[in-house]
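As structure tokens, this is what we get:
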């Protein structure tokens, strides 16, 4: 919908007063999504109350495309585009690669890799039914999305045949919830954010599980806090490590390449 400049200025002013840093951009997004003036007023009220704008309009821009999101689902972060790029580069090294995104949420990584590499076979897992609905929508293939934790939700036939595992597992320490922005703490599922006292519960699980599912030379790529790297690396002592960092010095992407998978060990659950 379109509005007169005066209405636009009023909307921007209200959003800015509520603490929206990018008030002009958000006003434009809300007006595009609103069906009429009354709808715009309702959407603005939700945003002023602190609801993530992505939940309100039903989409988030990620790696150049719009992904479906909504209330009750983790909103993919802009910083995770670095992880998507690392995953694409790793997958592009193989023919018809098999890609898995555990803890997928709305499946931004699997969807992005598939867009760049149409011959890739992508799979995603999550324990949350709301997340799974959005993952199926974004991937367009409900048969590739599995309900369950980490890699254990995958069909047994995939064991030892996965080329790339790419994930943003929950990695926020439980005690840090109060330090998070209210948008996340109040409107995103806590189990998509929190991962135990040190935030390592899911990161170390994936590092330990990955060799049993990956092909020889397969890659596990994860986003995490830089301070968590030593604990993760300790769970994969024989993997080749590459670290990628963006402008956020606290967040990094680690790429672990497993040249000699140990598929005979006990699986961490």
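In my numbering, the protein residues as written are 0 to 268.
Just so it is clear, CB atoms sit at the ideal spot from N, CA and C, and this is done for glycine as well.
Contact set for residue 173: own chain, Cβ-Cβ below 7 Å, skip 5 residues either direction: Position 174 of the chain shown holds residue 173. Beyond the five residues adjoining it in sequence on each side, residue 173 comes within less than 7 Å, by CB distance, of 193, 195 and 196 in the same chain, given in chain order.
Cross-strand partners of residue 253 (DSSP beta bridge): Position 254 of the chain shown, counting from 1, holds the residue named residue 253. 221 and 242.
Touching by the beta-carbon criterion (3+ pairs, under 8 Å), the stretch 108 to 125 and the stretch 92 to 100: Verdict: yes, contact present.
Backbone CA spacing between residue 274 and residue 214 [nearest angstrom]: It is not possible to answer for residue 274, since the shown part of the chain is limited to 0 through 268.
Inter-residue Cα distance where the pair is residue 83 and residue 104: Residue mapping note: residue 83 aligns to position 84 of the chain shown, counting from 1. Residue mapping note: residue 104 aligns to position 105 of the chain shown, counting from 1. So the two alpha carbons sit approximately 14 Å from each other.
Backbone secondary structure at residue 86 - three-state DSSP: Against the chain shown, residue 86 aligns to sequence position 87. Note: residue 86 maps to helix in three-state DSSP.
Proximity of residue 43 and residue 13 at Cβ, strictly below 8 Å: For the purposes of this step, residue 43 is taken as the residue at position 44 of the chain shown. For the purposes of this step, residue 13 is taken as the residue at position 14 of the chain shown. Yes. Within cutoff.
For residue 197, the three-state DSSP class (helix, strand or coil): Translated into positions along the chain shown, residue 197 becomes position 198. Coil.
Inter-residue spacing [alpha-carbon to alpha-carbon] between residue 53 and residue 26: Here residue 53 is taken as the residue at index 54 of the chain shown, counted from 1. Here residue 26 is taken as the residue at index 27 of the chain shown, counted from 1. In a straight line, the C-alpha of residue 53 is about 13 Å away from that of residue 26.
Range of the contiguous alpha helix (DSSP H) that encloses residue 133: On the chain shown, residue 133 is found 134 positions in, with the first residue counted as 1. Note, residue 133: alpha helix (DSSP H), 128 to 138.
Exposure of residue 201, with buried meaning 16 or more beta-carbon neighbours within 10 Å: In the chain shown, the residue the question calls residue 201 occupies position 202. Under this definition residue 201 is a buried residue.
Among 166, 189 and 126, the one whose alpha carbon lies nearest that of residue 175: Counted from its first residue, the chain shown places residue 175 at position 176. When C-alpha distances from residue 175 are compared across 166, 189 and 126, the shortest belongs to 189.
Simplified DSSP assignment, three categories, for residue 282: Nothing can be reported for residue 282, as the shown portion of the chain is limited to 0 through 268.
Three-state secondary structure (DSSP) of residue 114: The residue given as residue 114 occupies position 115 in the chain shown. In the structure shown, the three-state DSSP call for residue 114 is helix.
Where the beta strand (DSSP E) through residue 162 begins and ends: Indexing the chain shown from 1 puts residue 162 at position 163. 161 to 166 is the extent of the beta strand (DSSP E) around residue 162.
Alpha carbon of residue 68 to alpha carbon of residue 37, nearest angstrom: Counting from one through the chain shown, the residue named residue 68 turns up at place 69. Counting from one through the chain shown, the residue named residue 37 turns up at place 38. Taking the straight line joining both Cα atoms gives about 22 Å.
Residue of 58, 20, 11 and 22 minimising C-alpha distance to residue 32: In the chain shown, counting from the first residue as 1, residue 32 sits at position 33. Minimum Cα distance to residue 32 is reached at 58.
Assigned secondary structure, residue 100 (DSSP; H/G/I helix, E/B strand, else coil): Translated into positions along the chain shown, residue 100 becomes position 101. Looking at residue 100 - three-state DSSP - the assignment turns out to be strand.
Nearest candidate by alpha-carbon position, reference residue 128, set 146, 51, 122 and 138: Taking the chain shown and counting its residues from 1, the one referred to as residue 128 is at position 129. The option with the nearest alpha carbon to residue 128 is 146.
Reference residue 206, options 111, 235, 178 and 254, closest by Cα: Along the chain shown, read from residue 1 onward, the residue named residue 206 stands at position 207. Nearest C-alpha to residue 206: 235.
Residues near residue 20 in its chain [Cβ-Cβ closer than 7 Å; skip 5 each side]: Along the chain shown, read from residue 1 onward, the residue named residue 20 stands at position 21. If we look at residue 20 and ignore the five residues flanking it on each side, it has no Cβ neighbours.
Nearest-angstrom beta carbon gap, residue 134 and residue 121 [assumed within contact, 8 Å]: Within the chain shown, the letter at position 122 stands for residue 121. Within the chain shown, the letter at position 135 stands for residue 134. About 10 Å; that fails the 8 Å criterion.
Bridge partners - residue 125, DSSP secondary structure assignment: Position 126 of the chain shown, counted from the start, is the residue given in the question as residue 125. Answer by DSSP bridge pairing, in chain order: 146.
Status (buried if at least 16 other CB within 10 Å, exposed otherwise) for residue 35: The sequence position of residue 35 within the chain shown is 36, counting from 1. Classification for residue 35: exposed.
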